[in-house]
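Worksheet: the structure to be examined is printed underneath.
Structure (C-alpha cells):
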C-alpha cells in the first residue's frame, strides 16, 4: 500500500524533507492534500487516536506518524535510507533532530514575534534577529555539519559509509539557505566545503535530479520556511 | 555501569527532563558537570566521534546520545519508562518531540531576538512575543495534551496503560509554567483538568517527591528555560 503524506499545499515546507526521502527511494506515495485539498488535514489532527500536533504526518496503514525527524526515523529502514547498525541509526536520528532545531531557527528569523503576525508587522524585530542568525547561528550549525563530515571523511556522507535521509535533509537545508540568503551563502560557502560537496552530490543523484525538475517540486516562495527577504541577507 | 549525564550546572534546563526519568527509575547515574564542572562538556562536543550539538547528552558506555527526546527514547526501554509495543513507543516519542518544540517556544518568549543578547536588551520584543504565546500557543499545546489524555481516558497517562517518560516531562512543563506564568496558569488551569491531574499524580510519586525535595533538584531561576518575569505573565 502506498504511503500517504499529509502536508499543506502551496509550499515545500517541512513536508519537503519527507518527500525527498520518498523520492530518492522511488517509494510509492500519495501527497494527499495536493490531490484532495488542505481540508483533509484537520480532521486527522482532531479525530485520530494519536493526533499529530501539526503537519507533516505520514500514514502507513494503521500507523500515523508526525514530526519530520520521527517520520524519517520510521521510514529510514523501510526505504534503505539509514544504517542497519543501531548506534549509527541513533546518530542519524540525532543529526536529523538537530536539523529540526536549525530549521525552526531559520523560520523564526522572519517570524521572531510569532507565527500569528505577518512578516511585514515584525520587520524590525526580524532584522535584529537576522544579525545574530547570520553572525552566529549559521556558522554554528553549518560548522557542526562540516565537523561531522570531517570526522567521517572517507565516505563523504554524514553517517557511516552510505547515503542516509540526513544527507538528503542537508541538501534541502543548503538549497533553502541558498535561496533565502544568497549573499551570505556566496560569501561563506568556502567555509563548509564538505557540506557543499555533499549537497552537490545529492543534487546530481538521478531520482533527486528528476524530482527537482518535476512539477512535484514546488519552487521556494515567501510562504515557506526558507524565505528570501533581501533586507535579512548579508550586505553586498 | 552508571549512566553519565552531561549538562550545564546552575540550572534545571533541558537536562531536567532526563534527570526526572533517571530519578523516577532509581537509575544509577552521575551528573558529571555537577561533580567536575562545566569544563567537561566542551571537549566531548569537539572530540567525540559523534559530537552532540549541545548539552544535554548522555554517555552509556560507548554510546553517546544527544537531544533530550532521543535520550529519553534511548533510555525508555532500559528504565521501563515506555511501552514495549513499538507503535506506542513511536507515539510516546512523537509526544516528546512536540514537547521539545513547546519548550523551545517557552524559551524564545524571553529571547525572541536570539540567545546572544540579554533579556534586558530584548524586553520590548519579548513583551510582544509573550502576547501571542499566552493567547495562542499555551492553549494550543496544553489543549493538545488534554486532548490526548481525553482519548486515553481510562489510564490517566498520555500513552497506553502505564507511566512513560512523556508523563514525567509533562509534569516538568507544568511545574515550569506555574513558576514562569503563575497568573496565566492560575486563570487557565481549569481548561486542562486532565493534564493538571496527571501532573499532580506525578508530583506525588515517591521517587519524584523525594527527588524534588533533594538538593539535586535545583530551584527554577532566571537563567533557565522557564523564567518568571512578571511583565510577561498575564495581567492580574
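Chains as they are written, first to last, in full-length UniProt numbering: chain A, 1 to 236; chain B, 1 to 236.
Glycine included, each C-beta is placed from N, C-alpha and C at the ideal position.
Along the chain, where does the beta strand (DSSP E) containing residue i start, and where does it finish?
i, result
"residue 90 of chain B", "Where residue 90 of chain B is concerned, there is no enclosing beta strand (DSSP E), although the alpha helix (DSSP H) it sits in stretches over 86-110."
"residue 17 of chain B", "That residue, residue 17 of chain B, is in no beta strand (DSSP E); its alpha helix (DSSP H) goes 15-24."
"residue 159 of chain B", "Note, residue 159 of chain B: premise wrong, no beta strand (DSSP E); not H, not E."
"residue 66 of chain B", "63-66"
"residue 59 of chain B", "57-60"
"residue 53 of chain A", "Element bounds for residue 53 of chain A: n/a, residue is neither H nor E."
"residue 81 of chain A", "First-last for residue 81 of chain A: undefined, no H or E at that position."
"residue 3 of chain A", "3-6"
Output yes or no for whether 7 Å exceeds the beta carbon distance between residue i and residue j.
i, j, result
"residue 133 of chain A", "residue 109 of chain A", "yes"
"residue 2 of chain A", "residue 39 of chain A", "no"
"residue 171 of chain A", "residue 199 of chain A", "yes"
"residue 98 of chain B", "residue 220 of chain A", "no"
"residue 50 of chain B", "residue 41 of chain B", "no"
"residue 313 of chain B", "residue 81 of chain B", "Because residue 313 of chain B is not part of the residues shown, which for chain B are 1 to 236, the question remains open."
"residue 166 of chain A", "residue 158 of chain A", "yes"
"residue 195 of chain A", "residue 145 of chain A", "yes"
"residue 79 of chain A", "residue 71 of chain A", "no"
"residue 147 of chain A", "residue 105 of chain A", "no"
"residue 180 of chain A", "residue 227 of chain A", "yes"
"residue 234 of chain B", "residue 163 of chain B", "no"
"residue 225 of chain B", "residue 107 of chain B", "yes"
"residue 55 of chain A", "residue 8 of chain A", "yes"
"residue 232 of chain B", "residue 130 of chain B", "yes"
"residue 4 of chain B", "residue 208 of chain B", "no"
What does the alpha-carbon distance come out to for the pair residue i and residue j?
i, j, result
"residue 113 of chain B", "residue 113 of chain A", "9 Å"
"residue 67 of chain B", "residue 31 of chain A", "30 Å"
"residue 15 of chain A", "residue 12 of chain B", "33 Å"
"residue 26 of chain A", "residue 149 of chain B", "38 Å"
"residue 193 of chain B", "residue 142 of chain B", "10 Å"
"residue 206 of chain B", "residue 17 of chain B", "17 Å"
"residue 173 of chain A", "residue 186 of chain A", "15 Å"
"residue 75 of chain B", "residue 93 of chain B", "11 Å"
"residue 48 of chain A", "residue 95 of chain B", "14 Å"
"residue 6 of chain A", "residue 168 of chain A", "19 Å"
"residue 161 of chain A", "residue 121 of chain A", "47 Å"
"residue 135 of chain A", "residue 87 of chain A", "33 Å"
"residue 36 of chain B", "residue 191 of chain B", "44 Å"
"residue 203 of chain B", "residue 223 of chain B", "23 Å"
"residue 124 of chain B", "residue 118 of chain A", "18 Å"
"residue 102 of chain A", "residue 101 of chain B", "12 Å"
"residue 236 of chain B", "residue 201 of chain B", "28 Å"
"residue 156 of chain A", "residue 85 of chain A", "18 Å"
"residue 73 of chain B", "residue 10 of chain B", "25 Å"
"residue 175 of chain A", "residue 19 of chain A", "15 Å"
"residue 216 of chain B", "residue 33 of chain B", "13 Å"
Does the beta carbon of residue i come closer than 7 Å to any beta carbon on chain B?
i, result
"residue 110 of chain A", "no"
"residue 149 of chain A", "no"
"residue 192 of chain A", "no"
"residue 113 of chain A", "yes"
"residue 144 of chain A", "yes"
"residue 35 of chain A", "no"
"residue 116 of chain A", "yes"
"residue 53 of chain A", "yes"
"residue 63 of chain A", "yes"
"residue 4 of chain A", "no"
"residue 128 of chain A", "yes"
Hey, is residue i's beta-carbon within less than 7 Å of any beta-carbon in chain A?
i, result
"residue 67 of chain B", "yes"
"residue 93 of chain B", "yes"
"residue 233 of chain B", "no"
"residue 134 of chain B", "no"
"residue 59 of chain B", "no"
"residue 87 of chain B", "yes"
"residue 125 of chain B", "yes"
"residue 97 of chain B", "yes"
"residue 70 of chain B", "yes"
Tell me the residue span of the alpha helix (DSSP H) that contains residue i.
i, result
"residue 124 of chain A", "123-132"
"residue 218 of chain A", "Counting along the chain, residue 218 of chain A falls outside any alpha helix (DSSP H), and DSSP gives it neither H nor E."
"residue 179 of chain A", "165-180"
"residue 35 of chain A", "32-36"
"residue 146 of chain B", "138-151"
"residue 198 of chain B", "193-203"
"residue 211 of chain B", "206-212"
Under a CB-based cut-off of 7 Å, is residue i close to chain D?
i, result
"residue 75 of chain B", "The structure shown contains no chain D; its protein chains are A and B."
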